[in-house]
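Shown next, in structure tokens, is the structure this report addresses.
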Amino acid sequence: MIVKSVLIFDSGVGGLSVFQEISALMPNQHVIYAFDNAAFPYGELDDDVLVSRVCGMVSALCKEHDISLVVIACNTASTIVLPHLRSQLTIPVVGVVPAIKPAAQLSQTKHIALLATPATVKRTYTQDLVNEFAPDCKVEMVGSTALVMMGEDKLRGKPTDMAKLDTILEPFQYGVDCVVLGCTHFPLLKDEIQQMLGEKCRVIDSGLAIAKRVEMLLRQEGSHSLSALSRKHDVFSSAEVKEEEALNKEMSQMGFSIIKRAPTF
Ligand code: DGL
Numbered sequence: 001m002i003v004k005s006v007l008i009f010d011s012g013v014g015g016l017s018v019f020q021e022i023s024a025l026m027p028n029q030h031v032i033y034a035f036d037n038a039a040f041p042y043g044e045l046d047d048d049v050l051v052s053r054v055c056g057m058v059s060a061l062c063k064e065h066d067i068s069l070v071v072i073a074c075n076t077a078s079t080i081v082l083p084h085l086r087s088q089l090t091i092p093v094v095g096v097v098p099a100i101k102p103a104a105q106l107s108q109t110k111h112i113a114l115l116a117t118p119a120t121v122k123r124t125y126t127q128d129l130v131n132e133f134a135p136d137c138k139v140e141m142v143g144s145t146a147l148v149m150m151g152e153d154k155l156r157g158k159p160t161d162m163a164k165l166d167t168i169l170e171p172f173q174y175g176v177d178c179v180v181l182g183c184t185h186f187p188l189l190k191d192e193i194q195q196m197l198g199e200k201c202r203v204i205d206s207g208l209a210i211a212k213r214v215e216m217l218l219r220q221e222g223s224h225s226l227s228a229l230s231r232k233h234d235v236f237s238s239a240e241v242k243e244e245e246a247l248n249k250e251m252s253q254m255g256f257s258i259i260k261r262a263p264t265f
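In the UniProt record's numbering, the protein residues as written are 1 to 265.
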């Protein structure tokens, strides 16, 4: 029997933070991880280019592989691409959006923060989330591509520059008691971020909630895998990968075979 795969998509390695949650919850589930490094970073891209790249690459992968469900493991893409993609595919598409609602509920000081990409902090979608779920909160927003790069470096085995991290987190040091990681690259640095902000500040992301949603949908569709994984996870990039060997080494520890090039779209 052919076991269908879950496709996890991002611009770079950020979606691996979502992969880790999914594989912890569903260790038998085969995953195809795809990243559009040719257009990285997404947080600096024009909206129309982003929509066409994500739809093009995800549709091409879905045509070529037996996919049961797609996870757009990228806040920057999810906050704009989901309706377009859902209109093109017949399988479920799960997105990742900033966890503003739980943060507003957990906050005692009603002073919370969103750490995301420059594009995500500017999105109407994000402002709507704040208006709907955190109307009683003061919400600090920081968009940082530098932090995205630090996540990429960490997955290539490089140490995190804590002084640089301190500067990025500077606006959150006073009164904020809950920081939302609204970019999937950032949970890769969660320990370092938590260490900088101190125990009084909660650091939250959407990874586990996404994994639970994926599990529920797969069960509903009857496509959750029951037998143990018999092959390695696959990974595709849209362009040559920076420090490919270092990334392959890190990803092989997560159960991936070596990076291959994605089908053209
Ligand atoms: N990982 C992505 C996100 O969740 C985007 C990072 C980037 O390419 O700018 O927003």
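Beta carbons are placed, not taken as given, at the ideal position from N, Cα and C, and that holds for glycine.
Residue span of the beta strand (DSSP E) that contains residue i, given as start and end
| i | result |
| --- | --- |
| residue 72 | 67-72 |
| residue 259 | Element bounds for residue 259: n/a, residue is neither H nor E. |
| residue 35 | 31-35 |
From the options, residue whose alpha carbon lies closest to that of residue i
| i | options | result |
| --- | --- | --- |
| residue 95 | 112, 73, 114 | 73 |
| residue 76 | 172, 41, 164 | 41 |
| residue 251 | 34, 108, 195 | 34 |
| residue 190 | 32, 162, 175, 105 | 162 |
| residue 166 | 146, 182, 156 | 146 |
| residue 206 | 179, 192, 198, 217 | 179 |
| residue 140 | 182, 150, 235 | 182 |
| residue 80 | 45, 62, 176 | 45 |
| residue 50 | 13, 119, 17 | 119 |
| residue 36 | 13, 27, 30, 23 | 13 |
| residue 262 | 29, 6, 61 | 61 |
| residue 104 | 133, 126, 87 | 133 |
| residue 144 | 158, 136, 170 | 170 |
| residue 354 | 84, 68, 31 | Residue 354 cannot be examined here, being either before or after the span of the chain that is shown, 1 to 265. |
| residue 253 | 71, 19, 9 | 19 |
Opposing strand residues paired with residue i [DSSP bridges]
| i | result |
| --- | --- |
| residue 5 | 67 |
| residue 140 | 113 |
| residue 178 | 112, 202 |
| residue 237 | 35, 261 |
| residue 10 | 35 |
| residue 94 | 71 |
Residue interval of the alpha helix (DSSP H) (run including residue i)
| i | result |
| --- | --- |
| residue 87 | 75-88 |
| residue 202 | Here residue 202 belongs to no alpha helix (DSSP H); instead the beta strand (DSSP E) covers 202-204. |
| residue 207 | 207-221 |
| residue 125 | 124-133 |
| residue 166 | 162-169 |
| residue 158 | Premise fails: residue 158 is in no alpha helix (DSSP H) and is neither H nor E. |
| residue 15 | 15-25 |
| residue 252 | 244-252 |
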